[in-house]
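Participant: If you count the sequence shown from 1, position 86 lands on 1135 in my numbering, and the numbers rise without skipping. One structure is given below, represented as structure tokens, and several questions about it will come after.
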Amino acid sequence: MKIVIVGGGKVGEKLCAELSHEHNDILLIEKDEEKLDQLMNKFDITGIVGNGASIEIQQEIGVDTADVFIAVTEMDEINLISSVLAKNLGATYTVARVRNPEYSNHQSVLKESLGLSLIINPELSAARDIVRVLKYPSALSAESFAADRVNLVEVEINEDSKLVGVDLREFRQKFGSILVCMSIRNDEAIIPSGNYQIQANDRIFITGEATDMMRFFKVIGNNEKSIRSTLIIGGGRIAYYVLKALKQSKIKATVIELDRERAQYLSEEFPNATVIHADGSDHEILEEYGLEDFDSFMSLTGVDEENLVMSVFARHNGVKKVITKMSRVEILKILTSVPLRTIITPKQIVANEIIQFVRARANIQGSNVEALYRLADNQVEVLQFRVTRNSKVCNIPLFQLKIKPNVLIAYIMRGQELIFPNGNDQLMPHDRVLVVTTARMFEDLEDILMQ
């Protein structure tokens, strides 16, 4: 596919890396010539120096032949203008990153009135991930599928866990509605079979309906009290969206923000939250406001190093649920010895959403990718497909399909019915199917089949 990307910042660079690796024809528009040269030398892409919102630039690169146009500069207005212009000039699909809450609060109206295919807000998506993981105090991460009916939850197996030594056949007998989709052992991701035995220090990914998941945690002894309070360091956009989401919850939020005007704004916008004007990176401030009394802690400043240090400090002070925002994905590689488990990376979230969108467009006539998540340092992909009437996998019992190794069908959603399948179940047209795999670049549900 021909893909035009406007903006070579953190998100643009990540997109160049991911999308060029998937054999797309990438053209980058970037105002900074030095930055453009750097990315062109690093990735298999072409580029042009200029303003992505310029009609002359868009005409010069032939935007009318673009399959997907993606604007991810730091300025919302540039992203919106360039996307609208590209759409009017003939680009098939247009994607804009829009971060300002004043715009994002009316995202659906913007998308429809401007004729855009997709509007992405990385901070809003990150906030949703944070709020989701707060539902499960023992979880390292949590994703949702099937209109939030199904959760995919990551759990670390402690040495005293009731699950140590349990194989998956026994697990299925005990927890029929909960499925182990994946395990990470010694940094290697595994799609487990029935004789796989759970061991201490494994990280397992389980899927099931929310109510069943709650019962599961009670049975295995992880019945920790629900999170009722959280301390948030940094009152930026992610914090704004978290506070907005927590309005309807029972979680009491306290925010420490260094900028006086921002703190004042948040206190007026969210009167039910406690907003403190102070330096949250000062451990004496954290102790003064009772860090150890909070059920959860979020470090959401714009400085990765501060977030890292404050999160470690919170862990050492006994806070059970610590959530850390990291902007630079590469820094995660040095965190293996740091006792932090729930890490939010907005850049990776944006990349996943756009890759999901691009893959669905790449095979619009087939069984489309409707959702995409990457886990375990990108070793595993979790994809939701829509089954079409002409698919080769339709109306055949699963045990008769020659499914590739390291591929698992986690669930089937048929209308409002949710099916955790066995070998006798069949896929039907219009089903939605969740697939977990260590393979890469699945674009169609038929990719799960051996050739």
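Each residue gets a CB set at the ideal place from its N, CA and C atoms; glycine is no exception.
1. Quick one: Cα of E1341 to Cα of I1253, how far?
2. Whole-angstrom Cβ separation of A1302 and A1322, contact assumed at under 8 angstroms?
3. I want to know whether the region 1204-1223 touches the region 1237-1252 - three or more CB-CB distances under 8 angstroms.
4. Among D1426, A1409, Y1338, Q1433, which residue has its Cα nearest to the Cα of V1324?
5. Under 8 angstroms Cβ to Cβ from L1498, same chain only, skipping five residues before and after it: list those, please.
6. Which value, in whole angstroms, describes the spacing of the CA atoms of I1097 and P1478?
7. Going by DSSP, what residue range makes up the alpha helix (DSSP H) through Q1222?
8. Using only the alpha-carbon positions, how far apart do G1283 and I1119 sit?
9. Let me make sure I understand the geometry here. Which of N1100, M1050, V1144, D1081 has the alpha-carbon closest to that of D1116?
10. Can the beta-carbon of N1471 be found less than 7 angstroms from the beta-carbon of P1446?
11. Just to check my reading of the structure: L1085 and C1065 have Cβ atoms closer than 8 angstroms, yes? What is that Cβ distance to the nearest angstrom?
12. Secondary structure at V1133, three-state DSSP: helix, strand or coil?
13. Taking P1186 and L1217 to be in contact with their CB atoms under 8 angstroms, please state how far apart those CB atoms are, rounded to whole angstroms.
14. Quick one: what does DSSP say P1446 is sitting in, helix, strand or coil?
15. Identify the continuous alpha helix (DSSP H) that holds D1353 and give its terminal residues.
16. What does the alpha-carbon distance come out to for the pair S1210 and I1281?
17. Between I1468 and Y1422, what straight-line distance do the alpha-carbon atoms span, to the nearest angstrom?
18. Whose CA, out of K1396, A1196, Q1297, E1333, lies closest to the CA of P1320?
19. Which stretch, first to last residue, makes up the alpha helix (DSSP H) that contains M1025?
20. Based on DSSP bridge pairs, tell me the residues matched to I1392.
21. Count the other C-beta atoms from every protein chain shown that fall within 10 angstroms of the C-beta of N1073, then say buried if there are 16 or more, exposed otherwise.
22. Across which residues does DSSP place A1120 in a beta bridge pair?
23. Going by the beta-carbon positions, is the gap between A1145 and N1170 smaller than 7 angstroms?
24. Looking only at its own chain, which residues have a Cβ that is under 7 angstroms from the Cβ of L1163, when we skip the five neighbours before and after it?
25. For a quick check, are the C-beta atoms of S1360 and T1350 less than 7 angstroms apart?
26. With a Cβ-Cβ cutoff of 7 angstroms, do V1060 and S1131 count as a contact?
Facilitator: In short:
1. 29 angstroms
2. 4 angstroms
3. yes
4. Y1338
5. K1441, V1442, L1450, K1451, I1452, K1453
6. 44 angstroms
7. 1217-1223
8. 29 angstroms
9. M1050
10. no
11. That pair is no contact at about 10 angstroms.
12. helix
13. With 8 angstroms as the limit, P1186 and L1217 do not qualify as a contact, their Cβ atoms being about 25 angstroms apart.
14. strand
15. 1353-1365
16. 30 angstroms
17. 21 angstroms
18. Q1297
19. Here the chain comprises residues numbered 1050 to 1500, so residue 1025 is not present and cannot be evaluated.
20. T1373
21. buried
22. V1055, A1145
23. no
24. L1129, V1133
25. no
26. no
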